[in-house]
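Number of protein chains: 2
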Amino acid sequence: MATLKDVSKASGFSVTTVSRALNGYDDVNKETRDKIMSVAKELGYSPNILARSLVKKQSKTIGFLVTDLKRESVKDNFLFETLCGVSDELSTLDYEFVLLSTTTSKQKNKTYGQMCAERQLDGVVIQGLKRDDPYLLEAIESTVPCVLVDIPVEGVNTGYVTSNQLESAKQAVRYLIRLGHRHIAFMNGAAHAYVSTVRYDAYRQVLQENGIEFRDDYVLNGDFEELASKSAALPFLLNHPEVTAFFCASDVMALGVLQATRELGLNVPEDLSIIGFDNILLSQYVSPPLTTVGQQPYEMGRKAASMVVHIVEGQDVPHEAFVNNELILRESVAKNRR
Amino acid sequence: MATLKDVSKASGFSVTTVSRALNGYDDVNKETRDKIMSVAKELGYSPNILARSLVKKQSKTIGFLVTDLKRESVKDNFLFETLCGVSDELSTLDYEFVLLSTTTSKQKNKTYGQMCAERQLDGVVIQGLKRDDPYLLEAIESTVPCVLVDIPVEGVNTGYVTSNQLESAKQAVRYLIRLGHRHIAFMNGAAHAYVSTVRYDAYRQVLQENGIEFRDDYVLNGDFEELASKSAALPFLLNHPEVTAFFCASDVMALGVLQATRELGLNVPEDLSIIGFDNILLSQYVSPPLTTVGQQPYEMGRKAASMVVHIVEGQDVPHEAFVNNELILRESVAKNRR
DNA sequence: CTTGATTTCCGAAACGTTTCGGGTATAAAA
DNA sequence: TTTTATACCCGAAACGTTTCGGAAATCAAG
Numbered sequence: 004m005a006t007l008k009d010v011s012k013a014s015g016f017s018v019t020t021v022s023r024a025l026n027g028y029d030d031v032n033k034e035t036r037d038k039i040m041s042v043a044k045e046l047g048y049s050p051n052i053l054a055r056s057l058v059k060k061q062s063k064t065i066g067f068l069v070t071d072l073k074r075e076s077v078k079d080n081f082l083f084e085t086l087c088g089v090s091d092e093l094s095t096l097d098y099e100f101v102l103l104s105t106t107t108s109k110q111k112n113k114t115y116g117q118m119c120a121e122r123q124l125d126g127v128v129i130q131g132l133k134r135d136d137p138y139l140l141e142a143i144e145s146t147v148p149c150v151l152v153d154i155p156v157e158g159v160n161t162g163y164v165t166s167n168q169l170e171s172a173k174q175a176v177r178y179l180i181r182l183g184h185r186h187i188a189f190m191n192g193a194a195h196a197y198v199s200t201v202r203y204d205a206y207r208q209v210l211q212e213n214g215i216e217f218r219d220d221y222v223l224n225g226d227f228e229e230l231a232s233k234s235a236a237l238p239f240l241l242n243h244p245e246v247t248a249f250f251c252a253s254d255v256m257a258l259g260v261l262q263a264t265r266e267l268g269l270n271v272p273e274d275l276s277i278i279g280f281d282n283i284l285l286s287q288y289v290s291p292p293l294t295t296v297g298q299q300p301y302e303m304g305r306k307a308a309s310m311v312v313h314i315v316e317g318q319d320v321p322h323e324a325f326v327n328n329e330l331i332l333r334e335s336v337a338k339n340r341r
Numbered sequence: 004m005a006t007l008k009d010v011s012k013a014s015g016f017s018v019t020t021v022s023r024a025l026n027g028y029d030d031v032n033k034e035t036r037d038k039i040m041s042v043a044k045e046l047g048y049s050p051n052i053l054a055r056s057l058v059k060k061q062s063k064t065i066g067f068l069v070t071d072l073k074r075e076s077v078k079d080n081f082l083f084e085t086l087c088g089v090s091d092e093l094s095t096l097d098y099e100f101v102l103l104s105t106t107t108s109k110q111k112n113k114t115y116g117q118m119c120a121e122r123q124l125d126g127v128v129i130q131g132l133k134r135d136d137p138y139l140l141e142a143i144e145s146t147v148p149c150v151l152v153d154i155p156v157e158g159v160n161t162g163y164v165t166s167n168q169l170e171s172a173k174q175a176v177r178y179l180i181r182l183g184h185r186h187i188a189f190m191n192g193a194a195h196a197y198v199s200t201v202r203y204d205a206y207r208q209v210l211q212e213n214g215i216e217f218r219d220d221y222v223l224n225g226d227f228e229e230l231a232s233k234s235a236a237l238p239f240l241l242n243h244p245e246v247t248a249f250f251c252a253s254d255v256m257a258l259g260v261l262q263a264t265r266e267l268g269l270n271v272p273e274d275l276s277i278i279g280f281d282n283i284l285l286s287q288y289v290s291p292p293l294t295t296v297g298q299q300p301y302e303m304g305r306k307a308a309s310m311v312v313h314i315v316e317g318q319d320v321p322h323e324a325f326v327n328n329e330l331i332l333r334e335s336v337a338k339n340r341r
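Respectively, the protein sequence lines represent chains B and S. The numbering used here puts the first residue of the first sequence at 4, with every later residue one more than the last. The numbering used here puts the first residue of the second sequence at 4, with every later residue one more than the last.
Structural data, given as C-alpha cells:
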C-alpha cells in the first residue's frame, strides 16, 4: 500500500508537505496541493490509521462493550438494534467502531483500563453490564469517556441514556382509563426486577390520580412467562367478570393473557382490552396485534454514540439523555362499552 | 498509560530487554524476566496494539464487512447470529474484530483495499454483499484474505462457507412426499435471487425423482413477502382443492400461505401441510408452529472466522466449508390422508 | 592461557504518521 | 537599498513497539 513517503517521492515534495496538503492545511500552494492530491489518488494512497492514531494519541474509534454476547439471548433484538444505532451514528460522525465482547470471567484477566489503552479507544459505550461487574466501576472511574445505556450512573467522564420507563408505563394505563376502563388488572413480572417495580408504581399512581381504588387482588404475577401468566389469568378472569382491561408488564405475559381469553371464549378487544410492554417482534403478528409500549433501542444506540463522541471531543453536552418509549397502538385495546 | 519505556526505567533494563521478556523470548534470564514481569504488572502495563501492529505489519484484527446494516432487515437475525459466531470464534483465537458497515454508495468513496489498508486488517469476513457490489470483485482480487459467507467464490486468498442449500431444500420436499403428499405447490420468491433458483431446482428434481409430474401452475410467486404470498395463495387454493401441501421458499411467505388458509377456513396441517425456509424467530411462535428448514448462521460465522484466520496464518486449510441446514420438524405438516 | 561457545543484554533502526520550529524565496513597505 | 511581511516549503523529532545485529560476560574445551 502506498505510504506518505511514496506520494512524497512521486510528487517531488517532502513528506511534511504532502501530509499538510492532504490534511487541508493552508500553508501549501494551490498548485502543489492539486499535484499532490492527484498523485495520491493515482497511487491509491490512504492514510494508515494506526500510525496516525499513534502520534495523535486518539484513534477515532470507540468501543461498544457488551457482556455475554450470545445468540440465545431473548434480548437479541434489543442488543442488535442498539448496535445498529451505534454503528449508524458513529459512521456519520466519522468514527470507527469495535465490538468488545466480554464475559464476567474475562474481566478478571484484563482490566477495563487496559482494554481501552491497548486499542487506544477514545470512548466506549456500554450495554448490558451487570451491576456488580467489575468493569462497571472501572468504567466510571476511568479517564476514557463512556456512556451507559439503561444504567443511570453519574460520573465526570460518564454519561448515560435511558428511557422514560415510569412515564411510558403511566401513559399506557392512562390510555386505558381514557377509554373508559375502570376495572384494570395488572400482570406483573418478578417482583425484584427493577422494571417490575417501576411499572407497578406507574399502575398504582395512575389509578390514584384518577380516583380509582387500588385493589390488591387485581395485581397478578406472571413471572415474565407466557405460561405462568396464562395460568394466573384464567381463574382471575373467571372470578372477576367486571375487569375489562389488562395492563401487562411484558408482551410475553400479555400473550399469556391472550391465550387465557381464547380458552375462555372471550374476545379481544371487545370483552377484554390488553396492553403489553416491550414491542417484541411477535406482538405485531399475533392476533389481534398487540397494543404495547415499545422501547427504541436503535435511538438509544444513536444517542449513546453521539453523546460519547461529544464528550470525547470536549464539547459541553448534557451527560444524560432520554429516549421516549412510545405507546404503539394496535388492535388489542378498545373502548369500554359497559 | 504505562509504556515499555516506563517499565524499562522502573526495572532498570533496556526497552529491548523488557520487550523480549514480556514476549517470552528465551534469551532473557529467569530472574530479570520475573523482575520485569512484576514491574510491568505493578505499573499496569499493557502493550499498545497500534504501535505493535505498525511494526509487525499485522494487526491481529479481522473485519466483518456487512452491507446495509439496517435494523429493519428481515434477515437481522441471520446477520446478528453470524456476527455472534464470528465474534465468539475470533475471541477464542485471540483476534480482535471490527465491524465494517458499508453501503453501495459508500463503496464509491473508498476502495476495499483502502479500507483494509487503513486499519491494516489481517483478514475480513464478508456477509451479504450483492453480486454486483464493487467490493466483491475487489475483495477477491485483494491480497488480504477474505472469506465470504453464502457466496461461493473461488480465489487464492479467498474462501467461503455456505450451506447445503440444494440438499436441504430437497430434503424438505422429500419429507412431504414421504408423508404421502402428491400435489405439492411451491411458493417461490423473486426469481433472480440465487436462493430462489436453488430451491426451485430442488423442488423440480425431487418431484421428478419420485415420478411426480411437474406442473407449471403449481409454482407461485410470493416475492418473499407475506402479503404477496397470501394474495397468490388465496385464489390458488380455491382453484386447486387437490393440493395438500405447500413448500415455501421462505418462512415469511409460509406465513402468508398460513394466513390464506385461515381466511379460507382451512386447517393446518389437517387440510394443508406447509413447510417454510429460514427458521425465523417467529416461525416457532405462530400457530401452528412452522415446520421449516433452518440455517445455522452462528455456525457459519464461526467457520468463516476460523477459516479466515487460518488462511491469514498461512496454514493449509480447505478454502471452503459447509454447514448443514437442518429440517426443523414442528406442527405445520401432517400425513396426507386423502 | 587461548579459543570458541553460550548466555544475557542492549543500541539503533524501522513502521507511517503528525507537527514544531524553522528556512528560503518573493513581494511589499520603508 | 534595506527591512518586514507573506507564502510556501521542509528537516527532524516524536508516538510505542519490534527486531537486527552485535557486545560483554561467563563458561567449557583445547
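Positions of the beta carbon are idealized from the N, C-alpha and C atoms, including for glycine. As the structure is a computational prediction, the values presented were derived from the model and not from experiment.
Could you check where the beta strand (DSSP E) with residue i kicks off and where it finishes?
{"i": "residue 20(S)", "result": "Premise fails: residue 20(S) lies in the alpha helix (DSSP H), 18-25, not in any beta strand (DSSP E)."}
{"i": "residue 163(S)", "result": "161-166"}
{"i": "residue 42(S)", "result": "Run containing residue 42(S): none in the beta strand (DSSP E); it sits in the alpha helix (DSSP H), 33-46."}
{"i": "residue 188(B)", "result": "187-191"}
{"i": "residue 329(B)", "result": "329-331"}
{"i": "residue 194(B)", "result": "Counting along the chain, residue 194(B) falls outside any beta strand (DSSP E), and DSSP gives it neither H nor E."}
{"i": "residue 130(B)", "result": "126-130"}
Taking the CB atoms as reference points, tell me whether residue i and residue j lie closer together than 9 angstroms.
{"i": "residue 88(S)", "j": "residue 300(S)", "result": "yes"}
{"i": "residue 162(S)", "j": "residue 118(S)", "result": "no"}
{"i": "residue 122(S)", "j": "residue 101(S)", "result": "yes"}
{"i": "residue 280(B)", "j": "residue 172(B)", "result": "yes"}
{"i": "residue 314(B)", "j": "residue 160(B)", "result": "yes"}
{"i": "residue 183(B)", "j": "residue 230(B)", "result": "no"}
{"i": "residue 252(S)", "j": "residue 199(S)", "result": "yes"}
{"i": "residue 132(B)", "j": "residue 82(B)", "result": "no"}
{"i": "residue 120(B)", "j": "residue 49(B)", "result": "no"}
{"i": "residue 152(B)", "j": "residue 124(B)", "result": "no"}
{"i": "residue 187(B)", "j": "residue 248(B)", "result": "yes"}
Give the straight-line distance between the Cα atoms of residue i and residue j, rounded to the nearest whole angstrom.
{"i": "residue 185(S)", "j": "residue 154(S)", "result": "33 angstroms"}
{"i": "residue 233(B)", "j": "residue 266(B)", "result": "10 angstroms"}
{"i": "residue 341(B)", "j": "residue 226(S)", "result": "45 angstroms"}
{"i": "residue 85(B)", "j": "residue 302(B)", "result": "7 angstroms"}
{"i": "residue 19(B)", "j": "residue 329(S)", "result": "59 angstroms"}
{"i": "residue 14(S)", "j": "residue 24(S)", "result": "12 angstroms"}
{"i": "residue 263(B)", "j": "residue 175(S)", "result": "34 angstroms"}
{"i": "residue 130(S)", "j": "residue 276(B)", "result": "43 angstroms"}
{"i": "residue 97(B)", "j": "residue 62(B)", "result": "11 angstroms"}
{"i": "residue 71(B)", "j": "residue 261(B)", "result": "32 angstroms"}
{"i": "residue 245(S)", "j": "residue 224(S)", "result": "19 angstroms"}
{"i": "residue 286(S)", "j": "residue 240(B)", "result": "29 angstroms"}
{"i": "residue 307(S)", "j": "residue 316(S)", "result": "14 angstroms"}
{"i": "residue 52(S)", "j": "residue 54(B)", "result": "11 angstroms"}
{"i": "residue 27(B)", "j": "residue 110(B)", "result": "42 angstroms"}
Between residue i and residue j, which are expected to be in contact by the criterion C-beta below 8 angstroms, what is the C-beta distance as a whole number of angstroms?
{"i": "residue 282(S)", "j": "residue 331(S)", "result": "6 angstroms"}
{"i": "residue 191(S)", "j": "residue 222(S)", "result": "6 angstroms"}
{"i": "residue 189(S)", "j": "residue 206(S)", "result": "5 angstroms"}
{"i": "residue 304(S)", "j": "residue 157(S)", "result": "Not quite, the Cβ-Cβ distance comes to about 21 angstroms (not below 8 angstroms), so this is no contact."}
{"i": "residue 164(S)", "j": "residue 326(S)", "result": "7 angstroms"}
Can you tell me where the alpha helix (DSSP H) with residue i in it begins and where it stops?
{"i": "residue 200(B)", "result": "197-212"}
{"i": "residue 239(B)", "result": "229-242"}
{"i": "residue 264(S)", "result": "254-267"}
{"i": "residue 302(S)", "result": "300-315"}
{"i": "residue 14(S)", "result": "7-14"}
{"i": "residue 58(B)", "result": "52-59"}
Is residue i near the ligand GTP, in the sense that its beta carbon is under 8 angstroms from a heavy atom of that ligand?
{"i": "residue 238(S)", "result": "Of the ligands one can find in the structure shown there are none, so the ligand GTP has no counterpart to examine."}
Identify each residue in the segment 83-110 of chain B for which the Cβ-Cβ distance to at least one residue of chain S is less than 7 angstroms, and report them in chain order. 83, 84, 87, 90, 94, 99, 100, 101, 102, 104
If the cut-off is 8 angstroms on Cβ atoms, which residues from the segment 256-283 of chain B count as contacting chain S, listed in chain order? none
Can you give me, in chain order, the residues of the segment 110-123 of chain B that have a beta carbon less than 9 angstroms from any beta carbon in chain S? 113, 114, 116, 117, 118, 119, 120, 121, 122, 123
Anything in the segment 177-192 of chain B with a Cβ closer than 7 angstroms to a Cβ of chain S? List those residues in chain order, please. none
Residues in the segment 39-52 of chain B with C-beta within 9 angstroms of chain S's C-beta atoms, listed in sequence order? 47, 48, 49, 50, 51, 52
Please identify, using Cβ separations under 8 angstroms, the residues of the segment 281-311 of chain S that lie next to chain B, in order along the chain. 284, 285, 288, 289, 301
Could you name the residues of the segment 243-256 of chain S whose beta carbon sits closer than 8 angstroms to any beta carbon of chain B, in the order they occur along the chain? none
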